[in-house]
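A.B. asks: This is the structure, below, for whatever I ask next.
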Amino acid sequence: MRRTQYVPTTDWLPLDKSPFLMRVVILTDAAQVARRAADVICQCVNKKPDAVLGLATGGTPLGAYRELAERFSRGQISFSHCTSFNLDEYVGLPVSHPESYRSFMDRHLFSLTDFASDRCFLPDGNAADFEQACLEYERGIAEAGGIDLQLLGIGSDGHIAFNEPGSSLSSRTRLKALTQQTREDNARFFSSIEEVPELAVTMGIGTILDAKQVLLLATGSGKASAVRAFIEGPVTSQVPASALQLHPHVTVLLDEAAAAWLVRRPYYDHVESIQRRLEQATKAPSEG
Ligand code: PGA
């Protein structure tokens, strides 16, 4: 019997323009992850200059922030109409402490770009009334129209933001006690583990799932086990990032080391090659 090869037509949308997709993209190294992450963020802001961005701290997004700052300095992107909400903040650190997440964001992104300081929000780690402050944070996100693109890292214990294993999958912004593992992981930013705060205010998993699009980055072999668990394991509060399997539009950018434990790697690479063909086919002629 004669077989004809099935060739996708240009009527198809690139896979990530259709909803209901967890796109797993495996890149060679952290530098490529940073560039692709910056591409996704710039695409979002170019399409919607007043986009609401959910931002993350930690070692992982630093390369992407450097890319964004460089693109801004070359005049390729502006954030002047954006609003941002960060995922979390330590409890009890003065805002001026170099390791407060406010200081981190000022140092690595806000002061290097044109984000409007009165539209860059972080949870208040020194609130007099945390319950009230958390409600107001959630209200602020809703009043801004919801988060268009939420950037995430992942903890070696599978946490997203500071939603530690066991967090309710429908949780909202609240106080959370950090696990010993997280405090050990973050001790590298402080002079000793005793200095790492025990509590944080964090968006909940429900808050994150409300974002219209999610972009999770993971690099390095220390994340390989958590990456395998959240992409290929069951949805469980024991691996908070696994809740992203319920989200309709997630892009995961991994370097080789973080992807090393994925069992279905050949399939993700196959889907990615189809994705690239479709994107090429649907590019406007002017885009070359
Ligand atoms: P890291 O933290 O980027 O510093 O590894 C990620 C996280 O804890 O979410």
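With our numbering, letter number 74 in the sequence shown gets 169, and the count goes up by one each step, no holes. For every residue, glycine included, the Cβ atom is placed at its ideal position computed from N, Cα and C. Source: prediction; values computed, not measured.
1. Could you have a look at H344 and say whether DSSP puts it in helix, strand or coil?
2. Between A155 and the ligand PGA, is the CB less than 8 Å from at least one heavy atom?
3. Please give the ranges of any beta strand (DSSP E) in the region 109 to 184, keeping only runs that are unbroken, at least 3 residues long and fully inside the region.
4. Step through the CB atoms of chain D and report whether any lies within less than 9 Å of the CB of M200.
5. Between D280 and the ligand ADP, is there a pair consisting of the residue's CB and a ligand heavy atom that are separated by less than 8 Å?
6. Is the separation between the beta-carbon of S168 and that of A211 shorter than 9 Å?
7. Is G250 near the ligand PGA, judged by its Cβ being under 8 Å from some heavy atom?
8. For A295, list the residues DSSP reports as bridge partners.
9. If S173 sits next to D213, beta carbons under 8 Å apart, how far is it from one beta carbon to the other, in whole angstroms?
10. DSSP has F216 in a bridge; who is on the other side?
11. If you count every other CB in all the chains shown that lies within 10 Å of the CB of I236, and 16 or more means buried, which is it?
12. Determine the DSSP secondary structure at A353, reduced to helix, strand or coil.
13. According to DSSP, is V330 helix, strand or coil?
14. To which residues of the same chain is F225 closer than 7 Å at the C-beta, ignoring the five residues directly before and after it?
15. Thinking just about the alpha-carbon of each residue, which of A313, A338, G328, A129 is nearest to the one in A352?
16. According to the Cβ coordinates, are Y196 and G170 closer than 9 Å?
17. Is it buried or exposed for G253, if we count other Cβ within 10 angstroms and need 16 for buried?
18. Is the beta carbon of Y363 less than 9 Å from the beta carbon of V190?
19. Could you name the residues that DSSP lists as bridge partners for Q308?
20. Identify the continuous alpha helix (DSSP H) that holds L230 and give its terminal residues.
C.D. replies: Taking the structure as given:
1. Within the sequence shown, residue 344 is the residue found at index 249, counting from 1. It is a strand residue.
2. Residue 155 sits at position 60 when you count from the first residue of the sequence shown. Note that residue 155 corresponds to Thr in the displayed sequence, not to Ala. Checking the Cβ of T155 against the ligand PGA gives yes.
3. 116 to 122, 147 to 150, 178 to 181
4. Absent from the structure: chain D. Only one protein chain is present.
5. Only the ligand PGA can be found as ligands here, which leaves the ligand ADP out of the picture.
6. In the sequence shown, the residue the question calls residue 168 occupies position 73. In the sequence shown, the residue the question calls residue 211 occupies position 116. In this structure, A211 does not lie closer than 9 Å to S168 by Cβ.
7. Here residue 250 refers to the residue found at position 155 when the sequence shown is read from its first residue. Yes, the Cβ of G250 comes within 8 Å of a heavy atom of the ligand PGA.
8. Residue numbering aside, residue 295 sits at position 200 when the sequence shown is read from its first letter. In the DSSP output, where bridge partners are listed per residue, A295 has Y185, K271.
9. Along the sequence shown, one-based indexing puts residue 173 at 78. Along the sequence shown, one-based indexing puts residue 213 at 118. Between S173 and D213 a beta carbon distance of about 16 Å is seen, past the 8 Å cut, so the two are scored as non-contacting.
10. For the purposes of this step, residue 216 is identified with residue 121 of the sequence shown, where counting begins at 1. Note: F216 sits in a beta bridge opposite F180.
11. Residue 236 sits at position 141 when you count from the first residue of the sequence shown. So I236 ends up on the buried side.
12. The residue given as residue 353 occupies position 258 in the sequence shown. When DSSP states are grouped into helix, strand and coil, A353 belongs to the helix group.
13. Position 235 of the sequence shown, counting from 1, holds the residue named residue 330. Assigned with DSSP and collapsed to three states, V330 falls in coil, not helix or strand.
14. Taking the sequence shown and counting its residues from 1, one reaches residue 225 at position 130. Excluding positions up to five away in sequence, the list reads L270, V296.
15. The sequence position of residue 352 within the sequence shown is 257, counting from 1. Nearest option by C-alpha distance: A313.
16. For the purposes of this step, residue 196 is taken as the residue at position 101 of the sequence shown. For the purposes of this step, residue 170 is taken as the residue at position 75 of the sequence shown. Not in contact: Y196 and G170 (Cβ atoms no closer than 9 Å).
17. Start at 1 with the first residue of the sequence shown, and residue 253 comes out as number 158. G253 is buried by the Cβ-count criterion.
18. On the sequence shown, position 268 is the one that residue 363 refers to. On the sequence shown, position 95 is the one that residue 190 refers to. Going by C-beta atoms, Y363 is not nearer than 9 Å to V190.
19. Walking along the sequence shown from the start, residue 308 turns up at place 213. Paired residues: L244.
20. Taking the first residue of the sequence shown as 1, we reach residue 230 at position 135. That run of the alpha helix (DSSP H) goes 225 to 238.
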